[in-house]
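When you line the sequence shown up against our numbering, it's residues 135 to 688, in that order. Notes follow the structure.
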Amino acid sequence: MSPVLAGLLQLLALIAALALAHLPLGNHLARVYSSGTHRRVERWIYRGVGVDPDAEMRWPAYLRCVLVFSVAGVLFLYLLQRLQGVLPGSLGFASIDPDQAFNTAVSFVTNTNWQSYYGEQAMGHVVQTAGLAVQNFVSAAVGMAVAVALVRGFARSRTGELGNFWADLVRGVVRVLVPLAAVAAVVLVAGGVIQNFSGIHEVGQFTGGSQQWNGGAIASQEAVKMLGTNGGGYFNANSAHPFENPTPFTNLFEIFLMLLIPFSLPRAFGLMVGSVRQGYAILATMATIWAGFVALMMWTEFTHRGPALEIAGGAMEGKEVRFGIGGSSIFAVSTTLTSTGAVDSFHSSFTGLGGGITMLGMMLGEIAPGGVGSGLYGMLIMAVVAVFIAGLMVGRTPEYLGKKIGGREIKFAACYILITPALVLVLTAAAMALPTPGHSMTNSGAHGFSEVLYAYTSAANNNGSAFAGLDADTQWFNTTLGLAMLLGRFLPMVFVLALAGSLARQIPVPATAGTLRTEKPLFTGLLAGAVLIIAGLTYFPALALGPLAEGLAS
């Protein structure tokens with residue numbers, strides 16, 4: 135079987151699996167966040183933290199709960215790392231340095247999972263399981279809660295209430311992430327992913343010494359890492375490591391996991407706003423962009439020049455032979471178009487244009503299909519902008535789902551869109567202008583610039599993947615990337631929730647003959663075009679200095 139055919143068959147199998155899961159999981163998500171009842175374990179949690187799950191919240195209260203919960207998570211994870219040296223189950227590893235502990239705590243709480251350390255040489259079992267794995271669940275649940283709050287803003291009227299954050303958080307963990315992750319972990323163990331609490335042991339003798347690896351609860355962490363679009367790996371090699379991703383089957387299954395919830399949330403959105411066709415329009419936009427990026431990535435990586443690449447069947451440098459170009463390309467696109475950040479290959483070793491595709495996927499805002507929750511609310515923000523543009527074209531007051539998009543709403547949407555590019559471009563410019571950050575670059579020229587641009591793009595968009603080649607374990611990068619992750623996660627949430635509150639207070643406007651039909655293919659095309667044009671115009675100069683220059687020169 136040719137590598138191209140193998141890649142296409144993997145792609146078709148993945149699409150079929152996602153299509154089968156879309157309806158049942160989307161329906162389940164809608165029921166979870168529309169339910170008025172509480173399970174017994176949920177009531178125990180509410181009593182334990184002292185909250186009333188039935189108390190409705192306006193957007194400022196909802197936001198305060200998000201921030202308080204997240205700050206508490208950062209402090210707990212920071213202290214856990216700083217105390218690792220005296221904790222049991224640390225495998226003899228020392229406590230983490232302050233700047234790296236701050237970076238890691240922020241990274242996992244913001245659902246970024248950027249890692250500037252070697253997981254197998256720095257984090258013991260307690261930090262990995264009680265700290266990092268727990269944040270994989272709750273950070274993903276926070277993203278879903280904010281997305282559901284925005285959906286309620288569209289669905290409700292004459293009220294500023296958006297639900298209860300604590301109820302949304304707990305339901306997301308208890309009813310969605312834990313059951314799915316448990317099933318996924320069993321599948322991964324059956325596929326060869328390890329699951330134990332083994333200490334450090336030798337795995338073979340090599341010239342000049344022996345190689346040692348530690349075990350761990352890897353299958354369970356790998357499951358929620360992919361399912362919650364988190365991405366932080368137990369090992370430095372992440373999903374390229376055979377303990378985390380041993381076979382082509384597990385590789386395809388992990389891609390399925392990272393796309394599962396983001397591609398199912400549009401179904402829940404359609405059900406909750408009372409129009410399934412609106413959900414399909416959002417889904418179609420996400421799927422079109424994702425499929426287009428996969429096709430482009432496969433083309434760039436299978437197109438080969440020179441005898442070495444012809445023998446290999448494509449650009450195989452930096453890719454695992456057990457996954458091949460097809461599996462690696464699908465994984466790279468999926469992990470950067472979601473907020474996952476896991477890698478099964480070195481993005482730095484992709485062709486110049488291929489590396490640019492991974493960067494552009496993050497620069498779009500990771501909305502096709504995006505992270506768990508963040509992808510849906512990001513796409514809905516873009517839908518508001520697309521409706522506003524269409525309204526300007528025909529001279530009508532723009533409306534979306536019966537809600538008027540006025541000056542207040544479009545300002546919230548514009549602020550949401552501008553925050554992340556500002557963080558990426560300003561911090562990249564500072565790193566390139568100052569003398570010290572440049573010492574971390576392995577490469578010079580366009581590729582070296584791409585390393586720095588990729589790092590800040592990944593951090594500000596809460597992706598967490600690395601281009602490789604950049605030594606980010608420095609005080610400058612640990613601090614600035616940590617700030618980019620914090621601001622890139624929570625500042626957009628401020629405007630998402632403010633928009634949700636503004637929409638929820640409105641009185642629905644009845645549709646007329648002049649109302650833009652946002653469930654039609656025409657709107658899907660308009661929305662996809664708005665996404666690509668806005669991101670392209672914002673980042674094109676930076677891309678021209680990095681991956682485009684490198685790709686055109688090769």
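Think of the CB as a built atom: it goes at the ideal place given N, C-alpha and C, for glycine as much as any other residue.
{"Check": "Buried or exposed, going by whether 16 or more other CB atoms sit within 10 Å of the CB of S690?", "Outcome": "What is shown of the chain runs 135 to 688, which leaves residue 690 out entirely."}
{"Check": "Do N298 and A189 have their CB atoms nearer than 7 Å?", "Outcome": "yes"}
{"Check": "Excluding the five sequence neighbours on either side, which residues of its own chain have a C-beta within less than 8 Å of the C-beta of V260, listed in chain order?", "Outcome": "L214, Q218, L221, P222, G223 and S224"}
{"Check": "Short of 6 Å in beta carbon distance, which residues of its chain neighbour T363, apart from the five on each side in sequence? Order them along the chain.", "Outcome": "M392, T472, S473, T474, G505 and V506"}
{"Check": "Are Q412 and K537 touching if we call contact CB-CB under 7 Å?", "Outcome": "no"}
{"Check": "Please tell me whether, using a cut-off of 6 Å, the distance from the CB of N348 to the nearest non-hydrogen atom of the ligand SAH is below it.", "Outcome": "In the structure on display, the ligand SAH does not appear, and there are no ligands present to speak of."}
{"Check": "Per the DSSP calculation, I334 is bridged to which residue(s)?", "Outcome": "N348"}
{"Check": "Along the chain, where does the alpha helix (DSSP H) containing W433 start, and where does it finish?", "Outcome": "V410 to F436"}
{"Check": "How should Y252 be labelled, buried or exposed, when 16 other C-beta atoms within 10 angstroms of its C-beta is the threshold for buried?", "Outcome": "exposed"}
{"Check": "Would T485 and A449 be called neighbours here (beta carbons separated by less than 7 Å)?", "Outcome": "yes"}
{"Check": "Fully enclosed by the segment 473-542, which alpha helix (DSSP H) runs are 4 residues long or longer?", "Outcome": "486-497 and 508-528"}
{"Check": "Using DSSP's beta-bridge definition, name the partner residues of M575.", "Outcome": "L604"}
{"Check": "Which of the three DSSP states is assigned to R639 in this structure?", "Outcome": "coil"}
{"Check": "According to the neighbour-count rule (16 or more other Cβ atoms, all chains shown, within 10 Å of its Cβ), is I667 buried or exposed?", "Outcome": "exposed"}
{"Check": "So N330 and G349 are in contact, right, with Cβ under 8 Å, and what is the actual spacing, rounded?", "Outcome": "4 Å"}
{"Check": "Nearest to G659 by alpha carbon, out of A153, A687 and I423?", "Outcome": "I423"}
{"Check": "For M135, is the classification buried or exposed, using 16 other Cβ atoms within 10 angstroms of its Cβ as the cut-off for buried?", "Outcome": "exposed"}
{"Check": "Measure the beta-carbon distance from G489 to F601 and round it to whole angstroms, keeping in mind my assumption that it falls under 8 Å.", "Outcome": "7 Å"}
{"Check": "Mind checking whether F390 and A151 have CB atoms under 7 Å apart?", "Outcome": "yes"}
{"Check": "For I328, which residues of its own chain have a beta-carbon under 8 Å away from its beta-carbon, when the five flanking residues on both sides are left out?", "Outcome": "G349, G350, I352, A353 and F377"}
{"Check": "Do the segment 548-562 and the segment 453-463 meet, that is, are 3 or more Cβ pairs less than 8 Å apart?", "Outcome": "no"}
{"Check": "Three-state secondary structure (DSSP) at R192?", "Outcome": "strand"}
{"Check": "For my contact list, V519 and A664 are in at a C-beta cut-off of 8 Å; report their separation, rounded to the angstrom.", "Outcome": "6 Å"}
{"Check": "Less than 7 Å separating the beta-carbons of S241 and M619?", "Outcome": "yes"}
{"Check": "From A502 to V630, what does the alpha carbon distance come to, in whole angstroms?", "Outcome": "18 Å"}
{"Check": "For G579 and T437, I'd like the C-alpha separation in whole angstroms.", "Outcome": "24 Å"}
{"Check": "Which value, in whole angstroms, describes the spacing of the CA atoms of P400 and L417?", "Outcome": "6 Å"}
{"Check": "If you run the structure through DSSP and keep just helix, strand and coil, what is K359?", "Outcome": "helix"}
{"Check": "For A634 and L142, which I take to be in contact (beta-carbon distance under 8 Å), what is that distance rounded to the nearest angstrom?", "Outcome": "Not a contact, Cβ separation roughly 41 Å."}
{"Check": "Per DSSP, what are the beta-bridge partners of K453 in this structure?", "Outcome": "S479"}
{"Check": "Thinking C-alpha only, which one of M497, E451, G499 and L487 is nearest D478?", "Outcome": "E451"}
{"Check": "Look at L201 and A239 and say whether their C-beta atoms are less than 7 Å apart.", "Outcome": "no"}
{"Check": "I'd like the list of long-range same chain contacts for L568, defined as Cβ closer than 7 Å, with 5 residues on each side in sequence excluded.", "Outcome": "none"}
{"Check": "Ordered along the chain, which non-local residues of its own chain (more than five positions away) have a Cβ less than 8 Å from that of G325?", "Outcome": "P380, T381, F383, T384 and F387"}
{"Check": "Could you compute how far the alpha carbon of G572 sits from the alpha carbon of A669?", "Outcome": "26 Å"}
{"Check": "Is it buried or exposed for Q609, if we count other Cβ within 10 angstroms and need 16 for buried?", "Outcome": "exposed"}
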